Structures are given as structure tokens and as C-alpha cells.
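First the structure, in the form of C-alpha cells, and then the observations on it.
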Amino acid sequence: MPSEGEKAEQEWRYETARLSILQSLKASVEILKAYYERLGFYTVSLLMAPIEILLEALVFIFISLFLQPAMATYVSKYGGNYLRFVLAGEIVLPYTSILLRLPHFIERKFWAHTFTVKYMFTKSSLASYILSEILNRLIFAAASSTSIIAIAWHFGVHLTSSIIARISLLSCLAFISTIGLGLIGGSLFILAESRWSNPVDTAVGILYRLFSGLYIPLEALPSWLRTLSVLVPHTMIIEAVRFTVLMDAGLLDPCVLKNIATVVIYAALTSLIGVVLMRKALKRAFREGIFMRWT
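Residue numbers (the numbering used here): 251 to 545.
Structure follows, in C-alpha cells:
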């Protein structure tokens with residue numbers, strides 16, 4: 251049995267950890283509020299952004315309607331409507347880019363001395379800044395996802411409360427699915443000296459647009475090209491969402507559960523690789539002082 255002194259020490263450590271977490275969360279919210287208060291300087295850009303998104307959506311909708319006769323056969327198991335097929339697949343995709351790009355983004359901030367300056371003149375921790383960045387990106391991802399849902403609803407994709415609940419859970423899966431790829435991309439900032447671009451982000455963008463089945467149904471691709479679809483988690487996430495939205499399949503449906511399990515395994519394996527590479531990269535960074543100098 252632990253002594254009274256040991257119990258008191260455990261309680262002190264627990265309370266210290268709790269207060270530290272609460273302080274980090276509070277600081278993250280304050281940083282986020284300050285960021286949005288500064289957006290007033292960019293009023294014109296903020297007004298133009300939705301207009302640009304709407305115009306791009308209209309062009310995409312026109313192209314989808316034009317391709318409908320050619321694609322109907324390939325999307326028959328999802329109801330045969332190509333536009334709904336694509337819109338359903340895009341609903342949770344905004345969440346996949348958050349952790350994919352975050353590590354490389356943070357390392358660039360260190361390299362550009364942005365975080366160094368903030369540490370000198372503020373009391374906020376690195377964790378607070380990272381959390382505020384994640385919250386900011388989650389807000390924008392949620393806004394994008396909601397816009398896609400609204401467009402899909404207009405074109406006949408009717409979502410019940412149970413389907414929306416499943417979409418929320420799949421959004422969480424999409425969020426964590428690329429954490430390993432993000433760590434790999436972040437490690438290349440140091441190991442491959444990739445300062446201004448993230449090669450992993452670029453490669454993933456190409457692969458999921460062409461080979462995940464988002465725009466081009468996998469059935470329309472040659473068998474040897476379909477193998478490329480397993481290189482990104484987007485393939486399984488998109489299929490799970492389509493079964494959920496278009497076929498009203500539950501999360502325990504074999505078609506959905508298989509894709510969820512595959513994404514979890516994919517995230518675990520890539521995270522393991524990412525952690526190994528990131529540790530190697532950080533050792534080199536501290537040894538050579540990469541973060542504290544311009545190169």
C-alpha cells in the first residue's frame with residue numbers, strides 16, 4: 251500500500267498535469283481568437299473565397315452531369331448517379347489534410363524563426379500553438395465538409411440524423427488516418443532538406459485524385475493501376491463514406507467495417523514508420539542546429 255506521502259505526491263502530479271492541460275487549452279483558444287480578430291484586415295479576400303469555391307463547384311457539377319452517361323455503369327452499385335457518387339466521396343476528405351501537412355508546417359515555422367520569436371514575447375507553450383493550429387484547420391475542414399453536404403443535399407443526397415452521426419465518426423477516422431504520412435513528410439524536411447515543399451503531401455494529392463476512386467471509379471481503371479489505390483487511406487475512407495451516405499449502411503456493415511479496419515491498420519503502420527523517421531530527423535536537427543539557423 252502506498253504511504254500518505256506517496257499518495258500526496260501522486261495527487262500533486264495529477265493536479266499539476268490537469269492544470270497544465272487546462273492552461274494549454276485556454277492558451278490555444280486565446281491564440282485562435284486573436285487569429286480570427288486579425289481576419290478583419292482581409293475582408294475582401296474572405297468575401298471572394300466563397301465566390302471562388304461556388305464557381306469551382308458549378309464547373310465541377312457541369313462536368314459531372316456531362317460525364318453521367320459514361321460513368322453510370324461503373325457507379326451502379328452506389329445508385330448509378332455519378333454526381334452523387336463524387337459528392338459523397340468528398341464529404342470527409344477535408345479532414346485528411348490536417349495532420350498530413352501539420353508536422354512539415356511546424357518545422358517550417360521553426361526554420362523561419364516564427365516560433366522562436368513567439369517564445370521570446372509570450373507565455374504560451376509550443377503545445378498551445380500546435381493545438382490552436384489544429385483547431386483552426388478543423389474549423390475550416392468542418393466548414394468545407396458542411397458546404398459539400400449542402401450541395402449534395404440539393405442534388406438528392408438525403409442525410410438522416412443517423413447518417414450524419416456516422417459521417418462524424420468517419421470524419422474522426424479521416425482526421426487520424428494521415429498522421430503517419432504527416433510524420434514521414436515532416437521528417438523529410440530534415441532528412442531530404444525539403445524546406446519549401448512537402449513531397450509526401452504532393453504525392454498523396456496526386457494518388458488520391460487519380461487512383462482512390464474519388465473521381466474515376468476503380469472499376470474503370472486497369473487492374474495494375476488499381477493497386478496504386480492502396481497507397482493512400484483516402485481509398486478506403488471514400489468507399490466507407492459512400493456506402494454510409496448512398497446505401498445507408500451502418501458502421502458494422504461488412505463493406506464499411508472492412509474499410510475502417512484497413513484504415514486503422516494503415517494509420518498504425520505508417521505512424522510507426524513516421525515515428526522512426528521523425529526521431530532520426532530530430533536527432534540530426536539538434537546535432538546540426540537546423541532549426542536555429544537559415545540554410
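In this text, a Cβ means the ideal position worked out from N, Cα and C, and glycines have one as well.
Since we're looking at a predicted model, the values are computed, not measured.
For the options TYR465, ALA499, LEU464, TYR324, the alpha carbon positioned closest to that of ILE413 is the one of ALA499.
In this structure, the straight-line span from the alpha carbon of LEU532 to that of LEU441 is close to 9 Å. The Cβ neighbour count for LEU343, taken over all protein chains shown within 10 Å, is at least 16; the residue is labelled buried. About 4 Å separates the CB atoms of PHE425 and TYR345; that is less than 8 Å, so the two are in contact. Going by C-alpha positions, ILE401 is about 10 Å away from ILE311. Less than 8 Å divides the Cβ of GLY432 from the Cβ of LEU352. For HIS404, the number of other beta carbons within 10 angstroms of its own is below 16, and it is reported as exposed. Counting only unbroken stretches of 4 or more residues, the alpha helix (DSSP H) elements lying wholly within the region 373-428 are 376-404, 411-427, in sequence order.
Per DSSP, reduced to three states, the secondary structure at GLY435 is helical. For TRP446, there is no enclosing alpha helix (DSSP H), as DSSP marks it with neither H nor E. Contact between LEU350 and GLY463 does not hold, since their C-beta atoms are separated by about 19 Å, which reaches or exceeds 8 Å.
VAL454 is not a Cβ neighbour of ARG334, given a cutoff of 8 Å. Counting every other CB atom within 10 Å of its CB across the protein chains shown gives GLY430 a total of 16 or more, marking it as buried. Apart from sequence neighbours up to five positions away, the residues of its chain that approach THR512 with a beta-carbon distance below 7 Å are MET486, ordered along the chain. With 16 or more other Cβ atoms inside 10 Å of its own Cβ, PHE493 counts as buried.
Within the region 479-507, the runs of alpha helix (DSSP H) that reach at least 4 residues and sit entirely inside it are, in chain order, 484-496. Note that the C-beta distance between TYR332 and LEU317 is below 8 Å.
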